[in-house]
Structures are given as C-alpha cells and as structure tokens.
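Chemist: Here you go, one structure.
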Amino acid sequence: MLRHKLADRLPELSLLIDEFCAAFSSPQVLPKKTVLIRLDDASTHLHFILDGTVLELGEDDRGQLTVNQDYTPGEFVFNFHRHLTRLPSKTVYQCVTPTRILTMDQDVLESFQKKDGFDEVFFVIQQHLLTQVRAHFQHLLQLSPIQHYIWIFHHKPWLVEALTRNQMAAFLGISRATFFRLLAKHAPNE
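Under this note's numbering, the letters of the sequence shown match residues 17 to 206, in that order.
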C-alpha cells in the first residue's frame, strides 16, 4: 500500500522509493489511546497507517476540545507543525482504535532528505498530507454539520464508532449541545 501510494506518481524514482519503503519499521500494533505525537513534541518521525484511526487533538482559545484531523489506513501521520515552523507540536496525535502502523525514525527520514531525488518523493508525501487536511476543511465549510455527520457515517463508519460524542462534536466543529440536538432531531423514530 505504501509503495503504490508513491511509485504510481513517481515511477522514475522506483529504486529510491523501494529503499525508502524498506527503511520503515516492521508493522507494530498500538493500543487505543497511544499517543504518537505529544503536545510540545519536537520529533519528526513519519508514520504510515495500515489499520486503525489516529486523531489530531487540540484545544481552542477557550480550552474546548478540537479534533483537527483524522488519519486512517493508507495515510501518513507527521508532525507537520514542527516541519513547517520548526516549533514543537501544538496538538496531540492519538490512536482512537488499535492501530497498526509503520514508522520511520526522524534520523532516517533526515538522511533520505539529503538524497538526490528524494525532494520529489517528499513533495508527494506532503501533497497527501495537505489533501487530507483540505478534504476535512472543505467538508466543514461546504456541508452543514448534519450533512457532514451523514457523510462520515457513510464514508468513514469506523470513525463514528471510534469517536466519543464529544470528539465527534469537535470534529464537526460544533458544540456538544448542538451535536446532541442534531442527534435527537435526526434519530430514527422507534
């Protein structure tokens, strides 16, 4: 899965991509609630999710929970804030289900960044990361909260099962009270 995500876009760099994919750790299963990237973390390890779900959790100015992003199978998890600003992470990346991942140590990743051609490979990885973020924000902007919830229910049902109601409200960008009203209003009649 990892190799195809990169090699399909950059067939001319297949040898470098093979070397890059081989440099990841063996798959490991992390239990629910494992923190991959903690608050104020300065690491830049690169993770690739094989199974499971990781959330990027934070707080707004009022101390309310925010769920900035979800990461699911076939997606990269990376301390993007650290990479872009050189400042430590302002959010926490936590497994909300048992999660099977591959990890590349930051020192290994740094050595790849010095290799010829790797800038193209890393550009594709960054495109994948930004596409994930953009898709979530487009749903927040273009869909009503109930439409977004229905979309999640149909396209990412594991997320509905994995998130608490408080986390789902934060992910939808609404208050808990609003989320509970939406659930009550749109619950099937029994």
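C-beta atoms are modelled at their ideal positions from N, C-alpha and C, and glycine is treated no differently.
Keep in mind that this is a model prediction, so the values were computed, not measured.
Give the DSSP-derived three-state secondary structure of M184 in the structure shown.
Modeler: M184 falls in the helix class under three-state DSSP.
Chemist: Would you mind reading off the limits of the beta strand (DSSP E) that contains V70?
Modeler: Counting along the chain, the beta strand (DSSP E) containing V70 begins and ends at V70 to E75.
Chemist: Nearest by alpha-carbon distance to V45: which of F153, H170, L31 and P89 is it?
Modeler: Selected option, being the one with the closest Cα: P89.
Chemist: In the DSSP output, what is Y109 paired with across the bridge?
Modeler: According to DSSP, which records beta bridges pairwise, Y109 is partnered with I53 and E72.
Chemist: Does the Cβ of T194 have 16 or more other Cβ atoms within 10 Å, making it buried, or fewer, making it exposed?
Modeler: Under this definition T194 is an exposed residue.
Chemist: Need the endpoints of the beta strand (DSSP E) that Q122 sits in, please.
Modeler: Segment Q122 to F128 is the alpha helix (DSSP H) holding Q122; no beta strand (DSSP E) there.
Chemist: Can V83 and F153 be called in contact, C-beta distance under 8 angstroms?
Modeler: No, they are not a contact pair.
Chemist: Grouping DSSP H, G and I as helix and E and B as strand, with all else coil, what is I190?
Modeler: The answer is coil: DSSP assigns I190 none of H, G, I, E or B.
Chemist: Leaving out the 5 sequence neighbours to the left and right, which residues in its chain are closer than 7 angstroms to L29 when beta-carbon positions are compared?
Modeler: Contacts found: G133, E136 and V137.
Chemist: State the DSSP-derived secondary structure class of H144, mapped to helix, strand or coil.
Modeler: The answer is helix: DSSP assigns H144 an H, G or I state.
Chemist: Just the Cα atoms here: how many angstroms apart are D67 and T115?
Modeler: Answer to the nearest angstrom: the Cα atoms are 5 angstroms apart.
Chemist: Assign E28 to one of three DSSP states: helix, strand, or coil.
Modeler: In this structure, E28 counts as helix in the three-state DSSP scheme.
Chemist: Quick check on DSSP: helix, strand or coil for T60?
Modeler: In this structure, T60 counts as coil in the three-state DSSP scheme.
Chemist: Got a sec? Which residues, its chain only, sit under 6 angstroms from E72 by beta carbon, not counting five neighbours each side?
Modeler: Cβ neighbours of E72 beyond the five flanking positions: N84, Q85, T107 and Y109.
Chemist: CB-CB under 7 angstroms to I33, same chain, minus the five flanking residues each way: which ones, in chain order?
Modeler: Cβ neighbours of I33 beyond the five flanking positions: R19, L22, A23, L26 and V137.
Chemist: Check L179 in the structure and name its three-state DSSP category.
Modeler: Note: L179 maps to coil in three-state DSSP.
Chemist: Given a threshold of 16 other Cβ atoms within 10 Å of its Cβ, counted over all protein chains shown, does F169 qualify as buried or as exposed?
Modeler: F169 comes out exposed.
Chemist: What residues match up with L46 in a beta bridge as DSSP calls it?
Modeler: The partner list for L46 (beta bridge, DSSP) reads T115.
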